[in-house]
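The structure appears right after this line, and notes come after that.
Protein chains in written order, with this note's numbering: chain A, 44 to 284; chain B, 20 to 335.
Here it is, written out as structure tokens:
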């Protein structure tokens, strides 16, 4: 675990030592602010709770997209530049490499997410929303980010370069995003499977309105676990190639 | 230090290395010599525990690399053909990270970094960001990361690749200075580098070891019956005429002739040197120098690979 934290610390430093981290953070904050202005503040009168729910809806999208861009470099870039050998030739388990990289990405995403707090902060000051609603929404965003980042880490272990990594991760994320659409055209029990896989439709709306359901938390944790597990297996398999 | 038996690695249907057998003693500097695509990098990656072999047994310091790769990795330092450097870090931070990654306690990491920088003459660039380093310094920092945790075995894949002549000489000196404290296994396709740095050579061709031993051993085994080099004060034609009278001396050739001094190469066993000197002196020819003319490494290498052309399509 210490080694995973060591790797996470180096990775996190990498985001702040290069322009990439600042560019991603800046873009996320800009897009989120613009979208909030365009689609929420300009939408006429509505309850504060609705404004907040809409903010979390927009944040869901920006969080998922940011996760793809944050995670695409994690393993693929190291493979491309040849630095991955430093890790694979050291007494480090593959799970420590994957976990370290995932934790760094999650921490970075959390920093960006926390930086958006000024928007709901304004709603909180000027309107009437509960802290619980805020906390539930942010917990949902972190869980979604965690799942998307884990999928991104998996995509990054599969790819030879960052662009391919982003494409792989993007395809998987879109697949789970539209799983509920497949549920509409299939019958039970397949319908239930697709519905329960849906990254947004089934599991995020409760967080938007300030409700935390254990099944939604378990879903995002499970996606994170499965994706990281797959990433570790890919890393191990690559030692044979 | 290293025992390799039947080491084989397939990439799909293609055998990158096949049935390698060799052993390396502690403290030796060993050169892996082969053309591009001969299988050097694959073999080194397996020894560096980066790749897993398809078949065969490899032990490093008595530890099986397939069963206990973790323990082996603690004992090795690996420099791949492209140094694994994080451009966004400074040299000092990077080496400290590498040290801690290899299990050096945080409290001792700074000392380990200082020692590695002193050994590789990189102390002056300690605070410099890696992206700003010259190629020569990047290579040295690559060596520094490989030895920062004081491994017993250092594996260096093409350590002088892309360096200018001055940097090559400096890198050779760095590697020679590591001898004794570390067992060093390095690869190259540059013959002069291998001959000047290593105690022993492993010649690899098409994934197989085709010869091994010191340069002298290979010269003796593959240089035919041996050659004698003799420098005389006389016209070369006259000296050759006399030398040929010695039983056992075969073909003679002129290597150089300037200012009345001729350097000749005589085919024949080195043991014939007293007879050659006697014959020349008796015939009034002054002998300035006589020595066993070792077959040059280039000619040995060409001989070994003559009927085994390198295959650049082979994966590394």
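Using N, Cα and C, we set each Cβ at its ideal position, and we do this for glycine too.
The structure displayed is predicted, hence computed values, not measured ones.
Sequence-distant partners of residue 209/A (beyond 5 residues in either direction) whose C-beta falls short of 6 Å from its own C-beta, in its chain, are 111, 115.
For residue 78/A, the enclosing alpha helix (DSSP H) covers residues 62-79.
For residue 177/B, no beta strand (DSSP E) run applies, since DSSP gives it neither H nor E. Interface residue (Cβ-Cβ distance to chain A less than 9 Å): residue 108/B is classified as such.
Taken in chain order, the complete alpha helix (DSSP H) segments of 4 or more residues contained in the segment 108-153 of chain A are 119-124, 127-131. Residue burial is scored here from C-beta neighbours: residue 176/A has at least 16 other C-beta atoms within 10 angstroms and is therefore classed as buried. Put simply, the CB of residue 90/B is near chain A, with a gap under 9 Å to one of its CB atoms. Per DSSP, residue 258/B is one residue of the alpha helix (DSSP H) stretching across 255-262. Residue-level contact by beta carbon fails for residue 147/B and chain A, as no gap is shorter than 9 Å. Look at the segment 223-250 of chain A: it has no residue with a C-beta under 7 Å from a C-beta of chain B. Setting aside the 5 residues that flank it on each side, residue 72/A is surrounded in the same chain by 155, 158, 159, each with a C-beta closer than 8 Å to its C-beta; the list follows chain order. The CB of residue 193/B never comes closer than 9 Å to any CB in chain A; the least such distance is about 20 Å. Residue 283/A reaches chain B at 71, counting residues in chain order whose Cβ is nearer than 7 Å. Interface annotation, residue 121/B: in contact with chain A, CB-CB separation under 9 Å. Residue environment: residue 305/B is assigned as exposed (fewer than 16 neighbouring CB atoms within 10 Å of its CB, all protein chains considered).
In the three-state DSSP reduction, residue 97/B falls in the strand class (E or B). When C-beta distances to chain B are compared with 9 Å, every residue of the segment 181-202 of chain A stays at or above that value. If you look at residue 229/B, you'll find it in the beta strand (DSSP E) that goes 227-232. At the C-beta level, residue 66/B and residue 204/B come within 9 Å of one another. Between the alpha carbons of residue 116/B and residue 284/A lies a distance of about 27 Å. Counting only runs of 3 or more residues that sit fully inside the segment 45-85 of chain B, the beta strand (DSSP E) segments are 48-52, 74-79, in chain order.
Between residue 74/A and residue 83/A, the CB-CB gap reaches or exceeds 9 Å.
Boundaries of the beta strand (DSSP E) harbouring residue 220/B: 219-224, taken from the DSSP string. The continuous beta strand (DSSP E) containing residue 28/B extends over residues 21-30.
Around the beta carbon of residue 106/A, a 10 Å sphere encloses 16 or more other beta carbons of the protein chains shown; the residue is thus reported as buried. 9 Å or more divides the Cβ of residue 136/B from the Cβ of residue 179/B.
In this model, residue 44/B and residue 269/B are separated by some 39 Å (Cα to Cα). Residues of the same chain with a CB within less than 6 Å of the CB of residue 198/A, apart from the 5 flanking positions on each side, are 208, 211, 212 in chain order. By the criterion of a C-beta distance shorter than 8 Å, residue 26/B is surrounded in its chain by 36, 38, 39, 40, 62, 65, 72, 74, 75, 76, 77, once the five residues flanking it on both sides are discounted. Taking each of 256/B, 51/B, 91/B in turn and checking the Cα distance to residue 20/B, the smallest one comes out for 91/B. For residue 176/A, no beta strand (DSSP E) encloses it; the enclosing alpha helix (DSSP H) starts and ends at 174-201.
Excluding five sequence positions before and after residue 265/B, the CB atoms of its chain that fall closer than 7 Å to its own CB belong to 291, 294, 295, 298, given in chain order. Contact note: residue 49/A reaches chain B through 116, 119, 120, using a C-beta cutoff of 8 Å and chain order. The Cβ atoms of residue 102/B and residue 69/B do not sit closer than 9 Å to each other.
Contact between the segment 216-228 of chain B and the segment 244-262 of chain B is absent: fewer than 3 CB-CB pairs across the two stretches fall below 8 Å. Counting only residues of its own chain and dropping the five nearest sequence neighbours on each side, residue 261/B has a CB closer than 8 Å to the CB of 298, 299, 302, 304.
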